[in-house]
Amino acid sequence: MSSDAEHQSAGVSRRKYLLTSAAAVGGVGLAGCSSSDTSNTNSGEGGNGDADSSTSSDSGSSGPSTVTAEGSSTVYPISNKGSSYWNSNSPPSDGEYWGSNDEGSVPGWDQIQTDENIADYFAGLYGFEATGERSNPPFGTRVALSHSGTGCEAVRDGLVDIGNSSGPITAELGISEQQRDDNYVDHVVGRDGQPVFVSQAVYDAGVEQLTGEQIRGIYQGDIANWSEVGGPDQEIYVVGRAEGSGTDTTFRLNMLGDAEAPMDVDTRLGQNQQVQQVLQNNDNAIGYMALAFSGPGIQAVAIDFDGTVFQPDPDAENTIFDAEYPLNRDLHMYTRINEETPDGTDMREAAFLNMFLTDFGQQVFVEDVNYITLPTSDLDAEKQKLPEQM
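Given below as structure tokens:
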């Protein structure tokens, strides 16, 4: 696992971030977004870098088409919360969701200071005309909930503009790095210190820490009872994520050494929320899911990797928030390179993605939903992947 840890942390400085309330995830609004709504709008529709050339496929009227995204339930809280804010197009006098007033201001406002509504401002950086109207952005956004593999397939097939994934597209689609670079742009918007959780009863019985070898043993069928790792004499109920999930792909890649590594699990579940519920409803379970889905009735365990113990405590010497944590992973929003968009990201997509790459976006859409913000050097590198602002 030491080589995996080195791969994960290459080029990224050591980071520690305070864990914010997981309740923020439950508070994400769904304005303008439907997890069951898919679209056949693709990035080729008006996606030639000209802000005025995109036409609406939703209403038939002239104007930019809706930016559509689909994929990972791990990335969903970030993408969907951003979409909700965008579609609200709140004015700068709001103070809570955008701008400033006598009662307060949004994080990062001191670096923005505009008299425009939120979507008007970010869209305007890429040449779109402001509406000046709440709930009427220059173009809409819509985020659907599925899996990382599904999101990668959807952006590959031109069904959506953005494919959300918590696993690398190379593993999700079984393609080479060269094929990735020739066909997609990888926009990293945040990171997840992916923890391993156990049921509260197991944690209370003494299983507060496991080694990487013990976790591998549990997930490969070599350890079947909690008593074998210092816990109660009780059979282990092993929960895995559905194949095609980026959480599953990255867990197998980073913990088991191969994205296709065999696993011996009692059940596979499609979404982080489902894993959370199973662990809360059982007294003998173990599971892996995104950090944002911490909650009552479950506990993240400390993990000893080759003598270094990574704690789920942001104030510990070594934490799951550090780049060196072997299960640390990037959270991706992929766009497609095609004839209409040879640079891979059109002006609509760029306007939306850029919102996440500001101090405002990192604090509100990444940190506030329990993920790890990007360091400044990484934010600068991600912005370089976008078209030049107008």
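The sequence shown runs 1333 to 1722 under this note's numbering.
Even glycine gets a Cβ: it sits at the ideal position worked out from N, Cα and C.
Status (buried if at least 16 other CB within 10 Å, exposed otherwise) for residue i
i: GLU1681; result: buried
i: PRO1409; result: buried
i: GLY1562; result: exposed
i: GLY1634; result: Strictly speaking, residue 1634 in this sequence is Ala, with Gly absent from that position. ALA1634 comes out buried.
i: ASP1678; result: buried
i: VAL1493; result: Residue identity differs from the one stated: residue 1493 is Asp in this sequence, not Val. ASP1493 should be labelled buried.
i: CYS1365; result: Caution is warranted here: a pLDDT of 35 is assigned to CYS1365, below 50, making its placement in the model unreliable, and the coordinate value is therefore given only provisionally. Its Cβ being crowded by 16 or more others within 10 Å, CYS1365 is buried.
i: SER1478; result: buried
i: ASP1434; result: exposed
i: MET1595; result: buried
i: ASP1565; result: exposed
i: MET1621; result: buried
i: ASP1700; result: buried
i: TYR1703; result: buried
i: GLN1608; result: buried
i: PRO1628; result: exposed
Option in the options with minimal Cα separation from residue i
i: ASN1670; options: GLU1545, ASP1513, TYR1551, MET1621; result: ASP1513
i: GLY1624; options: GLN1603, ASP1615, ILE1635, ILE1618; result: The sequence as given places Ala at residue 1624; Gly does not occur at that position. Among GLN1603, ASP1615, ILE1635, ILE1618, the Cα nearest to that of ALA1624 is on GLN1603.
i: GLY1481; options: PRO1470, GLN1541, THR1406, ARG1466; result: THR1406
i: LEU1718; options: HIS1519, PHE1642, ASN1433; result: HIS1519
i: MET1587; options: TYR1657, ASN1616, ASP1645, ASP1434; result: TYR1657
i: GLY1676; options: SER1411, ASP1636, ASN1515, MET1722; result: ASN1515
i: LEU1542; options: TRP1430, ARG1668, ASP1638, GLU1672; result: ASP1638
i: VAL1570; options: GLU1592, ASN1557, ASN1660, ARG1523; result: ASN1557
i: GLN1605; options: ASP1700, ILE1630, ASP1598; result: ILE1630
i: PHE1454; options: LEU1685, LEU1711, GLY1525; result: LEU1685
i: GLY1499; options: ALA1683, MET1665, ARG1548; result: MET1665
i: PRO1396; options: ASN1412, SER1577, ASP1452; result: ASP1452
For residue j and residue i, the rounded distance between their alpha carbons
i: THR1473; j: ALA1574; result: 27 Å
i: THR1640; j: ASN1650; result: 8 Å
i: THR1708; j: LYS1715; result: 11 Å
i: LEU1491; j: VAL1399; result: 11 Å
i: TYR1429; j: TYR1417; result: 7 Å
i: ALA1655; j: PRO1644; result: 13 Å
i: PRO1469; j: ASP1447; result: 15 Å
i: GLN1443; j: GLY1431; result: 11 Å
i: VAL1487; j: GLY1495; result: 5 Å
i: LEU1663; j: ASP1489; result: 21 Å
i: VAL1528; j: GLY1414; result: 27 Å
i: GLY1440; j: THR1705; result: 13 Å
i: ARG1584; j: GLU1592; result: 7 Å
i: PHE1688; j: ALA1713; result: 13 Å
i: VAL1475; j: THR1667; result: 14 Å
i: GLU1540; j: ASP1636; result: 11 Å
i: ASP1426; j: ARG1523; result: 29 Å
i: LEU1711; j: VAL1610; result: 36 Å
i: GLN1546; j: PHE1653; result: 21 Å
i: ALA1572; j: GLY1525; result: Residue identity differs from the one stated: residue 1572 is Gly in this sequence, not Ala. When rounded, the distance between both Cα atoms is 17 Å.
i: SER1497; j: SER1559; result: 36 Å
Opening and closing residue of the beta strand (DSSP E) in which residue i lies
i: VAL1438; result: Run containing VAL1438: none; DSSP gives neither H nor E here.
i: ARG1573; result: 1569-1573
i: ALA1401; result: 1399-1403
i: GLY1601; result: It is worth fixing the name first, because residue 1601 is Leu in this sequence and not Gly. Looking at the DSSP string, the run of the beta strand (DSSP E) that includes LEU1601 is 1599-1601.
i: VAL1521; result: 1516-1525
Endpoints, alpha helix (DSSP H) assigned at residue i
i: GLN1609; result: 1604-1613
i: GLN1532; result: 1532-1536
i: GLY1619; result: It is not in any alpha helix (DSSP H) - GLY1619 instead sits in the beta strand (DSSP E) that spans 1617-1620.
Any non-hydrogen atom of the ligand FAD within 6 Å of residue i CB
i: MET1621; result: Questions concerning the ligand FAD fall outside what the structure shown contains, since it holds no ligand whatsoever.
Contact with chain D by residue i, beta-carbon distance below 7 Å
i: LEU1685; result: Of the protein chains in the structure, only one exists, and it is not chain D.
- Taking three-plus beta-carbon pairs below 8 Å as touching, is the stretch 1447-1458 in contact with the stretch 1502-1509? no
- Item | Touching by the beta-carbon criterion (3+ pairs, under 8 Å), the stretch 1412-1431 and the stretch 1533-1550 | no
- Task: Flag this pair as touching only if the stretch 1687-1701 and the stretch 1599-1619 have three or more C-beta atom pairs under 8 Å; answer yes or no.
- Result: Short answer: they don't touch.
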